[in-house]
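**Student:** Following this message is one structure expressed as structure tokens.
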Amino acid sequence: MATKIYIVYYSTYGHVEKLAHEILKGASSVEGVEAKLWQVPETLPEEVLGKLGAPPKSDVPVITASELPEADGFIFGFPTRFGMMAAQFKAFFDSTGGLWRTQQLAGKPAAALVLRGVAKRLPP
């Protein structure tokens, strides 16, 4: 039985998503590992995203908290905003309260990919 790793990210401009795809390639190359890419729900209206110059979201599936217990481990990726994780990812983490209460994620390893201040510096 393969070890399931969920790579869960939020990306406004595509930078975190690009790195998440590279992590997916690496994780998928490990024998016995089944890696899957997910994005968290967007919380900004389309109008705001348009004014920010954000590209359209990709077709990577959007995850809900109820899907997390299916994984054996996680890699979370998000940008920072003023030293904090992006609000979209915080909203997703906040939605996992029921999983915390019932300890459904206890003992599952996790890692984080955090980007800071790259929106105007890196090509997507």
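For the sequence shown, position 99 (counting from the first letter as 1) is numbered 99 according to full-length UniProt numbering, and the numbering increases by one without interruption. We treat Cβ as the ideally placed atom computed from N, Cα and C, and that holds for glycine.
Determine, using beta carbons only, whether I5 and D72 come nearer to each other than 8 Å.
**Tutor:** The residue you call residue 5 lines up with position 5 of the sequence shown. The residue you call residue 72 lines up with position 72 of the sequence shown. In contact: I5 and D72 (Cβ atoms closer than 8 Å).
**Student:** Give the straight-line distance between the Cα atoms of V8 and T102, rounded to the nearest whole angstrom.
**Tutor:** Here residue 8 corresponds to residue number 8 of the sequence shown, with the count starting at 1. Here residue 102 corresponds to residue number 102 of the sequence shown, with the count starting at 1. Straight-line Cα distance between these residues: approximately 21 Å.
**Student:** Can you tell me whether R101 is helix, strand or coil according to DSSP?
**Tutor:** As a position in the sequence shown, residue 101 is number 101, starting the count at 1. R101: helix per DSSP, three-state reduction.
**Student:** Select from G77, F92, A106 the residue whose C-alpha is nearest the C-alpha of L37.
**Tutor:** If you number the sequence shown from 1, residue 37 lands on position 37. Considering only alpha carbons, the answer is G77.
**Student:** Is it right to say V114 is buried, meaning 16 or more other beta carbons lie within 10 angstroms of its own, or is it exposed?
**Tutor:** The residue you call residue 114 lines up with position 114 of the sequence shown. Flag for V114 reads exposed.
**Student:** Judging by CA-CA distance, which residue of H15, A54, M1, L105 is the nearest neighbour of E31?
**Tutor:** The residue labelled residue 31 in the question sits at position 31 within the sequence shown. Nearest option by C-alpha distance: M1.
**Student:** Leaving out five residues before and five after L49 in sequence, what residues of the same chain have Cβ atoms less than 8 Å from its Cβ?
**Tutor:** The sequence position of residue 49 within the sequence shown is 49, counting from 1. T12, E42.
**Student:** Give a yes or no on whether the C-beta atoms belonging to K108 and F74 are separated by under 8 Å.
**Tutor:** Taking the sequence shown and counting its residues from 1, one reaches residue 108 at position 108. Taking the sequence shown and counting its residues from 1, one reaches residue 74 at position 74. Taking 8 Å as the Cβ cut-off, K108 and F74 qualify as a contacting pair.
**Student:** I want to check one thing, is the minimum distance from the CB of L19 to the heavy atoms of the ligand PLP below 7 Å?
**Tutor:** No copy of the ligand PLP occurs in the structure displayed, which carries no ligand at all.
**Student:** Going by the CB atoms, is the gap between L68 and L44 shorter than 8 Å?
**Tutor:** Stepping through the sequence shown from its first residue, residue 44 is reached at position 44. Stepping through the sequence shown from its first residue, residue 68 is reached at position 68. Taking 8 Å as the Cβ cut-off, L44 and L68 do not qualify as a contacting pair.
**Student:** Can you have a look at P79 and say buried or exposed, based on whether 16 or more other CB atoms are within 10 angstroms of its CB?
**Tutor:** Your numbering for residue 79 matches position 79 in the sequence shown. It counts as buried.
**Student:** Can you tell me whether I23 is helix, strand or coil according to DSSP?
**Tutor:** Position 23 of the sequence shown holds residue 23. Note: I23 maps to helix in three-state DSSP.
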